[in-house]
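Note sheet for the following structure.
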Amino acid sequence: MSAELEELLVKDAAEWRTWLESNHAHSPGVWLVLHKKGGAVTELDYEAALNEALCFGWIDGQGRRRDDGSSFQRMTRRGPKSAWSARNVDRVGRLEADGKMTAAGRAAVDAAKADGRWEAAYSGQATAEVPADLAAAIAAVPAAQAMFDVLTSVNRYALIYRTNSVKQPATRARKIAGFVDMLARGETPYPQKKRPQREGKIEPGQ
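Straight run, no breaks: the sequence shown in my numbering ends on number 225.
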């Protein structure tokens, strides 16, 4: 887990929003504790956490296991070149209609509209092709390929976009290797329930 980010445990979405109000402009980010079924450490789930983050110009990153009742979700300020997904464009529309967006959140939206990332959110996922080097690296590791085959469109596009955003060969190779390791562990850029079939059985969430 990234040592530079603190772990943050809040009671619920309201407390997460209060934290963002005070810290969104200067904090480098946090590993936010999220609720899992059967857990009691927090009421904050992924959907509510992401909604509040978008209101302040923040975005979710990779998730990690914490314990049986909770997980960690990386939350940081959105970078100047950060891609927008169609789902988050739609979320922002609902959040704006509900009166929840803040000036910081609108600034992130305006920046994306100005440089084309907002419009690309709709077309990118539908037309993006898996880069050949990424596809070959994943295919070489059966566990990674099995996980890749059941990725949601959002997670699939995240890997494609992040790979294509790196042009230096050595850096690109390291990033691809990291993606392969992540998939082989059954992890994804964004949370999803669907998992590969194992021994003829369908994993929970499919």
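We treat Cβ as the ideally placed atom computed from N, Cα and C, and that holds for glycine.
query	result
Closest by C-alpha distance to S101, when choosing among K212, T182, P210	T182
Endpoints, beta strand (DSSP E) assigned at F91	89-96
Straight-line gap, R193 to D117 (C-alpha atoms, nearest Å)	42 Å
Inter-stretch contact (C-beta, 8 Å, three-pair minimum) for the region 167-185 and the region 203-211	yes
Rounded separation between M5 and L51 - CA only	Given that the chain is displayed from residue 20 to residue 225, the structure contains no residue 5 and the question cannot be resolved.
Neighbour-count burial assignment, D79, 16 or more Cβ in a 10 Å radius	buried
Supposed contact pair R136 and W103 - C-beta distance, whole angstroms, cut 8 Å	5 Å
Buried or exposed (CB count within 10 angstroms, at least 16 for buried), E71	buried
Where the beta strand (DSSP E) through W103 begins and ends	Unbroken run through W103: none, as it is neither H nor E.
N- and C-terminal bounds of the beta strand (DSSP E) containing D79	77-86
Rounded straight-line distance, which links the Cα of L73 to that of R1	The chain is shown only over 20 to 225; residue 1 falls outside these bounds and no answer can be derived.
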